[in-house]
Amino acid sequence: MLEIIVFLPLIAALAIALGAPARFTALSASAFALVLSLVLAIQFDLTKEGGFQFESARPLLDIGGFPDLSLSFGIDGISLVLLLLATIVMLSAVWVAPGEKQIKGSSKLYYLSLLLIGGGAIGAFCSTDLFFLYAFHELALIPTFLMIGIFGHGENRVKTAWTITIYLGVGSLILLVGLIMALVGVGADTFNIEEIIALAKSPETAIAAGEQKWIFGILLVGFGILVSLFPFHSWAAPAYSDAPEPVAMLHAGVLKKFGLYGLIRIAMPMLPAGMEALTNVLLVLLLGNIIYLGLVTIAQKKLDRMLGYSSVMHMGYVFLGIAAANHLGVSGAVLLMFAHGISIALLFALCGWVRENYGTVDFEKLGGIASHVPKLGLLFGFAAFASAGLPGFANFAAEVAIFFGAFKGAEDGIGWIQWATIIALWGVVISAVYMLRAYRSIFLGECSKTLSAPADMTWAARLPILLLLVALLVVGFVPEILNQFIRPAVEGLFLVKAG
Amino acid sequence: MPVYFLEIIVVALGLLILMVDAFVKLEDKRTLAWVGMLGLVVVFALLFRVQWPESTEGAFWQFYSANDNLALFFKGIAILCTLGVMIMSYDFSGVVVDQTADPEPGAHPQAGLGEFFALPLFACAGLMWMASANNLVSIFVSLETVTICFYVMVAYLRRNVGSLEAGVKYLILGALSTGFLVYGFAWLYGVTGSMDLAEISAALAKPDVNQAAALFAFALILVALTFKVGGAPFHFWIPDVYQGAPTPITAFLSIGSKAAGFIVLLRLVSPFLASGELVGKVTLAIAIIAGLTLLIGNLSAIPQKNFKRLLAYSSISHAGFLLMALACTPRSSDASGALSKPVTVIAFYLGAYLLMTILAFLVMTVVRRKIADETFDAYTGLAKRAPFLSAAMLIAMASLAGIPLTVGFWGKLFVFKLAVEQQQWVLLAIGLIGAGAGFYYYLKIAASMYLGTPDPKKQVIDDTPIPIGNVARIAMILLMVGIIVAGVNPSLILGLLD
Numbered sequence: 001m002l003e004i005i006v007f008l009p010l011i012a013a014l015a016i017a018l019g020a021p022a023r024f025t026a027l028s029a030s031a032f033a034l035v036l037s038l039v040l041a042i043q044f045d046l047t048k049e050g051g052f053q054f055e056s057a058r059p060l061l062d063i064g065g066f067p068d069l070s071l072s073f074g075i076d077g078i079s080l081v082l083l084l085l086a087t088i089v090m091l092s093a094v095w096v097a098p099g100e101k102q103i104k105g106s107s108k109l110y111y112l113s114l115l116l117i118g119g120g121a122i123g124a125f126c127s128t129d130l131f132f133l134y135a136f137h138e139l140a141l142i143p144t145f146l147m148i149g150i151f152g153h154g155e156n157r158v159k160t161a162w163t164i165t166i167y168l169g170v171g172s173l174i175l176l177v178g179l180i181m182a183l184v185g186v187g188a189d190t191f192n193i194e195e196i197i198a199l200a201k202s203p204e205t206a207i208a209a210g211e212q213k214w215i216f217g218i219l220l221v222g223f224g225i226l227v228s229l230f231p232f233h234s235w236a237a238p239a240y241s242d243a244p245e246p247v248a249m250l251h252a253g254v255l256k257k258f259g260l261y262g263l264i265r266i267a268m269p270m271l272p273a274g275m276e277a278l279t280n281v282l283l284v285l286l287l288g289n290i291i292y293l294g295l296v297t298i299a300q301k302k303l304d305r306m307l308g309y310s311s312v313m314h315m316g317y318v319f320l321g322i323a324a325a326n327h328l329g330v331s332g333a334v335l336l337m338f339a340h341g342i343s344i345a346l347l348f349a350l351c352g353w354v355r356e357n358y359g360t361v362d363f364e365k366l367g368g369i370a371s372h373v374p375k376l377g378l379l380f381g382f383a384a385f386a387s388a389g390l391p392g393f394a395n396f397a398a399e400v401a402i403f404f405g406a407f408k409g410a411e412d413g414i415g416w417i418q419w420a421t422i423i424a425l426w427g428v429v430i431s432a433v434y435m436l437r438a439y440r441s442i443f444l445g446e447c448s449k450t451l452s453a454p455a456d457m458t459w460a461a462r463l464p465i466l467l468l469l470v471a472l473l474v475v476g477f478v479p480e481i482l483n484q485f486i487r488p489a490v491e492g493l494f495l496v497k498a499g
Numbered sequence: 500m501p502v503y504f505l506e507i508i509v510v511a512l513g514l515l516i517l518m519v520d521a522f523v524k525l526e527d528k529r530t531l532a533w534v535g536m537l538g539l540v541v542v543f544a545l546l547f548r549v550q551w552p553e554s555t556e557g558a559f560w561q562f563y564s565a566n567d568n569l570a571l572f573f574k575g576i577a578i579l580c581t582l583g584v585m586i587m588s589y590d591f592s593g594v595v596v597d598q599t600a601d602p603e604p605g606a607h608p609q610a611g612l613g614e615f616f617a618l619p620l621f622a623c624a625g626l627m628w629m630a631s632a633n634n635l636v637s638i639f640v641s642l643e644t645v646t647i648c649f650y651v652m653v654a655y656l657r658r659n660v661g662s663l664e665a666g667v668k669y670l671i672l673g674a675l676s677t678g679f680l681v682y683g684f685a686w687l688y689g690v691t692g693s694m695d696l697a698e699i700s701a702a703l704a705k706p707d708v709n710q711a712a713a714l715f716a717f718a719l720i721l722v723a724l725t726f727k728v729g730g731a732p733f734h735f736w737i738p739d740v741y742q743g744a745p746t747p748i749t750a751f752l753s754i755g756s757k758a759a760g761f762i763v764l765l766r767l768v769s770p771f772l773a774s775g776e777l778v779g780k781v782t783l784a785i786a787i788i789a790g791l792t793l794l795i796g797n798l799s800a801i802p803q804k805n806f807k808r809l810l811a812y813s814s815i816s817h818a819g820f821l822l823m824a825l826a827c828t829p830r831s832s833d834a835s836g837a838l839s840k841p842v843t844v845i846a847f848y849l850g851a852y853l854l855m856t857i858l859a860f861l862v863m864t865v866v867r868r869k870i871a872d873e874t875f876d877a878y879t880g881l882a883k884r885a886p887f888l889s890a891a892m893l894i895a896m897a898s899l900a901g902i903p904l905t906v907g908f909w910g911k912l913f914v915f916k917l918a919v920e921q922q923q924w925v926l927l928a929i930g931l932i933g934a935g936a937g938f939y940y941y942l943k944i945a946a947s948m949y950l951g952t953p954d955p956k957k958q959v960i961d962d963t964p965i966p967i968g969n970v971a972r973i974a975m976i977l978l979m980v981g982i983i984v985a986g987v988n989p990s991l992i993l994g995l996l997d
């Protein structure tokens, strides 16, 4: 069934290329993928400690001298949560995408690209083969380039499309070298992730600590570029603000999580000594994300830019959870990946509605619109609170876990990571400031006379938004829903480390 | 069927086309291309039914290697490449006729087209022989068979100044490089006392070999072959010749000629790499050339505006990656074992390069027939006008850039892996820079197809669809599927080499 979920978006994309009705095919494929991934979540065996489930493998390459390759899929709790994130956001992104007639240009290309971006993320999260993990992620590269370049907003969209493509392309190349170095380092002749990690854990084949530092550094730069870790963040905010909103939802919400997933799935278990050596560097960089980029976010004057920077800023928390390198921190990081993905998708979807109906997302031009679109105002309020980490939303549960995780060990004296946590806490204030400011300048105050008053959001427009909001609230009130999957998987990561 | 029948059939096919052209009155000379294409398909099928000789006694096998899977693989590349060239030539024949035929009264309107279909076959036979050549004499003769065919083909458009200029440049520089090669052979014979590669290898492995003389021979041979495969600093002819030559011949040069250059390079370099005394200096020289080629090819490709010139620099850059693989030969006592992996990687890379480059050139030929422009302007806004052609070109470019799930990615992955294993960090860094630049210049064509809007000042706005012949369309679909399927499962190509 996992294979069906992975290939569904790709087959739908092929069908669209061959002439199937674009919106209908895309929507039904993503709805079906979501239903199937919920079924997987129900069937998931919680009693198993770590390890992949629903595994399937099709051996492809088995020739001496070359690493064994197999088209293999499987999910553990971490990938299941990310799979749910990907399918939820994909459905909602396809749903809020404009109708076939409203798209300027080829609607086929539009929906096909959306499916490839979403399908690439799903494939990456479900692959248990290192090659396919990497390759599925790259599947999104060219569709993103075309989507931003053709259907994006603003004068600079072609330049933005180039920036993100070259940046991410080079990032993936650096990542590739890091992965090859890790592969060669443990002497693996396979791409199978479990076997590679087993090799990395066994004392005979483990990589020497001095070498681990280098490899981890390269991987951190590679994955860091993909996640927009400070100072490799400059592609992200312009790309998200110039991209069509469904692409921004998928990219900021789902695809960007790939880099974090890769760190947790590959770099952490394979290179523990390398990670330990570079934790302090990572702490400095992630504070750059939280504090410096947080302040940059406050200074933004347009909603789309602000959301772009805010999504970059929030990555700092996830990195903090990873840097903590204990159960609580990493579980919190995974949960925040889910929560942030949903909430940023929610915000971008609403931003798209504002742009479509008011023709602008400029704070100065908007103002007081809550009087004509109260439903939008309410939904945006929820989304803003979620993003700022108010209790009741999944983001809160995740951030609390990260902070507690990172502060652990304070009884032995306050070290680098505890200081970093203390500073990072101020990020919560920063995000409250910019979210509330955005809410005030768009929805409250004097309504500008020049703005026309559109009809409020219809049910059709609200449904995809509500889908995201419900997911956030449910997980926010009962984080155990996802934590029950995440906990054994994270323990699995550390279990193998001990043995 | 004995293996050398393959070459004989291809030569016979070429002669047949010449004879039919001379003695049969054809309404449409493009029928000849059909003969060639069908014949090549048959030869390709026969490739899988080859029988190796039981005994390799006799004079013939001193010039022709037996039990050689690698040679078969390269013969396959030569045949498929020629097939692709024939398909392109079929579409391109209108341009050939325009720029060759004399408008004399009474002459056949397509006079001069027949040889355009026969020459690639003769070149193909030469390429196939070159894949099996195991003796300095047969290497030289087969190489010259190919090169002389190319001299004619490059300058074929005799009313086109660009083509003539390309022909002269190629002739002069080609002759010069041949001179280097022969001189190198002479020194090599002087050092080792043999023309046979196996004997040369044995002679070079001896500790009392005259190192200075052997290295001098190596340097001369390396210069000549670097010229043939388009490596820096002997790459200057490539952009001009590629731009001027008829498009199908450019494709032939960039794939067939390069693949053949590499198999000869592999055969000639392996004795040196097998020699414990020389291997360090030899790999260093190759590494320097590889690094230079990668830098020059990739960085010069960035500002190009003419598509053929861009592909010319791209072919230089791919030569750089291939040389990089060769420079990463492990230094082990077991020479044949050490070289086997880089050789497999190089053969795989060339197979991948064949698929993607033929696809790019096919699209280019079809577009060129409708739009008489070879700059990027011809491709501006093409996606609206010709979605199929644009998608095909996009896949070819993605593969050339080395994006995963296309076959081009595996080539780069294997080369990078070799470099990591051999800890060639400088080369690896240069390769990364090259691959990064590749993202930009290959996507540039995608950008003009999908993001550009035609500028009325620069070109006539024309929204009529571009007609695609059925053969070309089928070939494009097959190539696209091949690129993606082999991109998911590289054993499709690697399996042939195992």
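Protein chains in written order, with the working numbering: chain A, 1 to 499; chain B, 500 to 997. From the three backbone atoms N, C-alpha and C, an ideal C-beta is built for every residue, glycine too.
Practice problem: Taking the CB atoms as reference points, tell me whether A325 of chain A and T279 of chain A lie closer together than 9 Å. | Solution: yes
Quiz item: Within 9 Å (strictly less), CB to CB, does K497 of chain A reach chain B?
Solution: Only weak support exists for where K497 of chain A lies, its pLDDT of 41 falling under 50; the value from the coordinates is given anyway. By this cut-off, K497 of chain A is not an interface position.
Quiz item: When you compare only the Cα positions, how much space is there between A209 of chain A and P269 of chain A?
Solution: 13 Å
Self-check item: Option in A:M313, A:L80, A:F136 and A:L146 with minimal Cα separation from G105 of chain A
Solution: A:L146
Practice problem: Reducing DSSP to helix, strand and coil, say where G178 of chain A ends up. | Solution: DSSP places G178 of chain A in the helix class (H, G or I) of the three-state scheme.
Quiz prompt | Distance between beta carbons of L61 of chain A and N988 of chain B, contact taken as under 8 Å | solution = 7 Å
Quiz item: Are the segment 302-321 of chain A and the segment 369-377 of chain A touching, with three or more C-beta to C-beta distances below 8 Å?
Solution: Contact between the segment 302-321 of chain A and the segment 369-377 of chain A is absent, because fewer than three Cβ pairs lie under 8 Å.
Practice problem: With a threshold of 16 other CB atoms inside 10 Å of the CB of A498 of chain A, please say whether the residue is buried or exposed. | Solution: Its pLDDT being 36, under 50, A498 of chain A is placed unreliably in this model, and the value from its coordinates should be taken loosely. Exposed: under 16 other Cβ atoms inside 10 Å.
Quiz item: Hey, is F915 of chain B's beta-carbon within less than 9 Å of any beta-carbon in chain A?
Solution: Interface residue, yes.
Quiz item: Does DSSP put T874 of chain B in a helix, a strand or coil?
Solution: strand
Quiz item: Name the chain B residues whose beta carbon is nearer than 8 Å to that of T165 of chain A?
Solution: F938 and L942
Exercise. Kindly list the residues whose CB is nearer than 6 Å to the CB of A190 of chain A, restricted to its own chain and excluding five residues on each side of it in sequence; keep chain order.
Key: According to the sequence displayed, residue 190 of chain A carries Thr and not Ala. Within the same chain, and ignoring the five residues on either side of T190 of chain A in sequence, the residues whose Cβ sits closer than 6 Å to its Cβ are P67 and D68.
Quiz item: Should the segment 443-452 of chain A be called in touch with the segment 363-371 of chain A, which here means at least 3 C-beta pairs below 8 Å?
Solution: yes
Self-check item: Whole-angstrom distance between F73 of chain A and M181 of chain A, CA atom to CA atom
Solution: When rounded, the separation of the alpha-carbon atoms in M181 of chain A and F73 of chain A is 23 Å.
Practice problem: Quick one: using the 10 Å Cβ neighbour count with 16 as the cut-off for buried, is L463 of chain A buried or exposed? | Solution: exposed
Quiz prompt | Cα-Cα separation between H251 of chain A and M823 of chain B, rounded to whole angstroms | solution = Spanning the alpha carbons of H251 of chain A and M823 of chain B requires a straight line of approximately 35 Å.
Practice problem: Report the residue ranges of all alpha helix (DSSP H) runs contained in full by the segment 890-920 of chain B; include only those spanning at least 4 residues, in chain order. | Solution: 906-920, all fully within the segment 890-920 of chain B.
Exercise. Check whether the Cβ of D876 of chain B lies closer than 9 Å to any Cβ atom in chain A.
Key: no
Quiz item: When the distance is taken between beta carbons, is G262 of chain A closer than 9 Å to L175 of chain A?
Solution: It is a contact, given that the beta carbons lie within the stated cut-off.
Quiz prompt | Neighbour flag for G149 of chain A against chain B, beta carbons, 9 Å | solution = yes
Quiz item: By Cβ distance, which residues of its chain are closer than 8 Å to F998 of chain B, with the 5 residues on each side in sequence left out?
Solution: The displayed coordinates of chain B run from 500 to 997. Any statement about residue 998 of chain B would go beyond what the structure contains.
Practice problem: Return the first residue and the last residue of the beta strand (DSSP E) that V55 of chain A is part of. | Solution: Going by the sequence as given, residue 55 of chain A is Glu instead of Val. That run of the beta strand (DSSP E) goes Q53 to L61.
Quiz item: From which residue to which residue does the alpha helix (DSSP H) around L69 of chain A run?
Solution: Where L69 of chain A is concerned, there is no enclosing alpha helix (DSSP H), although the beta strand (DSSP E) it sits in stretches over L69 to I75.
Quiz item: Between the segment 83-103 of chain A and the segment 28-48 of chain A, do three or more beta carbon pairs fall short of 8 Å?
Solution: yes
Self-check item: Other residues of its chain near L285 of chain A: CB distance less than 7 Å, five sequence neighbours each side excluded
Solution: L229 and F230
Self-check item: Straight-line gap, E556 of chain B to L71 of chain A (C-alpha atoms, nearest Å)
Solution: 47 Å
Quiz item: Going along chain B in order, which residues have a C-beta closer than 8 Å to the C-beta of I63 of chain A?
Solution: S990, L993, G994 and D997
Quiz prompt | Close Cβ partners of A882 of chain B (< 7 Å) along its chain, the five nearest in sequence each way excluded | solution = The beta carbon of A882 of chain B sits closer than 7 Å to the beta carbons of S889, M948 and Y949 from its chain, once the five residues preceding and following it are set aside; these are given in chain order.
Quiz item: Candidates B:L663, B:L942 and B:P841: which alpha carbon is nearest T879 of chain B's?
Solution: B:L942
Quiz item: At a CB-CB cut-off below 8 Å, which residues of chain B make contact with M270 of chain A?
Solution: By Cβ distance, chain B contributes nothing, its closest Cβ being about 15 Å from M270 of chain A, past 8 Å.
Quiz item: Whole-angstrom Cβ separation of F615 of chain B and Y655 of chain B, contact assumed at under 8 Å?
Solution: 6 Å
Exercise. Please confirm if L927 of chain B has its CB atom under 9 Å from at least one CB of chain A.
Key: yes
Quiz prompt | Completely contained alpha helix (DSSP H) runs for the segment 801-844 of chain B, where each covers 4 or more residues | solution = 806-826
Quiz item: Out of curiosity, what's the CA-to-CA distance linking L642 of chain B and V523 of chain B?
Solution: 32 Å
Quiz item: Which chain A residues sit within Cβ distance under 9 Å of K840 of chain B?
Solution: G65 and F66
Quiz item: Would you report the Cα separation of G868 of chain B and L27 of chain A, rounded to the nearest angstrom?
Solution: According to the sequence provided, residue 868 of chain B is Arg. The question's Gly does not apply to it. Each residue's Cα considered, the two are about 40 Å apart.
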